[in-house]
Amino acid sequence: MKKVLATVAALAFTFTFAQDFIMGINFDAGGKFDKSFNEGTFNGFDRAIQAQIADGVDIEQVEFEGTPETFGQGLRQMAENGAELIVAPGFAQTDAIASISTEFPDTNFVLIDSVVENPNVRSVVFKEHEGSYLVGFIAGSLSQTGVVGFVGGMDIPLIRKFDLGYQEGVKAACADCTIISNYVGTTPAAWNDPTKARELAGAQQAQGADIIYAAAGASGNGVIDFVNQTMCYTSDSIKETPLATTLAVLEKSAAYTENCGEGSQPLFFIGVDSNQNYLGDTDGNPDTLNHGLTSMLKRVDVAAENAVNDVIAGTFEGGILSLGLAEDGVGYALDDYNNVLIPQEVLDAVETVKASIIAGETVVTDFTAQ
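What follows is the structure, encoded as structure tokens:
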């Protein structure tokens, strides 16, 4: 085995021979710190590596942040210099992985959100529509205006998959609810345009949306910022939902009390991929009102973590992994930041729906399979 240490700055790599393993991650558009898809993948990748290092395995990490035009350069440089594993989150890396994995059969690749059928490629895809159905069911159960929003990043079938699953979940809980769906754009720049996403969230709120689900990569931070800074709305038509009882007694932050008058109601966002609930904590106190209602979990972290461990154990295998509710590959987040926002009766109903989907009794439409 070739033992390599590598560090990356833009496209400049420096190598010295020392380590047992080198493992790389080639980030998708939106960058490492998108608080969502890329960052979630990195967290699992890094968690596994740090645990292995603690057990005495000598590993160096390589990171590359590029664009769709430069993804191939990052992948190739890592492979040429002996990486045993390269994790590539994002469908935009499909063509580059297909080519480079063929050239470097001794390097193991993990491609997230697309499929390349080479023996050294593990393609991990998710049933995002199933997880989105659950958070949609929560939104439909709790919306007080009967209007909810969806902000997608790049308008592609994958994000339409989130959108349609969300819509079906909302309608299952609230047949007369309205869903407003908008997309940031049609190019990869749509993953990193929080200003546009914020504008879309504002327009949706102006049309009555009180809960907005963002599946937009780093652009989703614009939705979160809008909700956290706007905090509330007023409406002459408020539905009586299980959320009303909670909000009547839940302590509000000082900023909320100052900014939102009597009779106002709070805005909420739904996060995506990683658990983003904590981002709705505007005063550093989880016990007061938080604006993160829940998050649709897509366990990209586990996909990356398992790959690291499998390579080190010598058990890595290529192939296609399709992960949904049954495989615990998607789900919804419940923690100290939102557990008081979702009443037990709603949680019980969500778990019943989840079991029904796993059993095949409730079928959620997969937009990409239509």
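Taking the numbering used here as reference, the numbering of the sequence shown is continuous, increasing by one, and the terminal residue is 1404. From the three backbone atoms N, C-alpha and C, an ideal C-beta is built for every residue, glycine too.
- Within the same chain, and ignoring the five residues on either side of K1286 in sequence, the residues whose Cβ sits closer than 7 angstroms to its Cβ are T1322, L1323.
- Under the 10 Å beta carbon count, P1191 is surrounded by fewer than 16 other beta carbons and is classified as exposed.
- Boundaries for Q1241: no beta strand (DSSP E) harbours it, and the DSSP string shows neither H nor E there.
- In this chain, the alpha helix (DSSP H) harbouring Q1111 covers 1105-1114.
- By the beta-carbon neighbour count (other beta carbons within 10 angstroms, threshold 16), A1337 is buried.
- Here F1302 has I1245, H1325, L1327 as same chain residues with Cβ atoms under 6 angstroms from its own Cβ, once five neighbours each way along the sequence are excluded.
- Straight across, the Cα-Cα distance linking D1335 with D1270 is about 43 angstroms.
- Beta-bridge partners assigned by DSSP to Q1086: none are found.
- With contacts defined by Cβ atoms closer than 8 angstroms, G1242 and T1268 do not form a contacting pair.
- With a threshold of 16 other beta carbon atoms within 10 Å, F1067 falls short and is exposed.
- With respect to the 8 angstroms criterion, I1131 and V1158 are not classified as neighbours on the basis of their beta carbons.
- In the DSSP assignment, A1347 falls within the alpha helix (DSSP H) that extends over 1334-1347.
- At least 8 angstroms separates the beta-carbon of N1152 from that of V1185.
- Membership of N1319 in any alpha helix (DSSP H) is not indicated, and neither H nor E is assigned to it by DSSP.
- Note on geometry: alpha-carbon atoms of T1396 and F1160 lie some 18 angstroms from one another.
- At a Cβ-Cβ threshold of 8 angstroms, A1113 and V1096 do not count as neighbours.
- Annotation: T1279 to D1129 spans about 52 angstroms, alpha carbon to alpha carbon.
- For T1179, the number of other beta carbons within 10 angstroms of its own is at least 16, and it is reported as buried.
- Under the three-state reduction of DSSP, I1059 is assigned to strand.
- The beta strand (DSSP E) runs of length 3 or more contained entirely in the segment 1184-1255 are, from start to end of the chain, 1212-1219, 1245-1249.
- Collapsing the DSSP output to three states places T1328 in a strand.
- Ranked by Cα distance from S1175, the first of A1206, D1370, L1119, K1195 is A1206.
- One thing to note: P1320 has its Cβ no nearer than 8 angstroms to the Cβ of C1266.
- Leaving aside the five residues that flank T1220 on each side, the residues in its chain whose CB is nearer than 7 angstroms to its CB run, in chain order, M1188, D1189.
- DSSP, reduced to helix, strand and coil, places Q1178 outside both helices and strands of the structure shown, so it counts as coil.
- DSSP links R1156 through a beta bridge to V1144, G1353.
- When DSSP states are grouped into helix, strand and coil, Y1167 belongs to the helix group.
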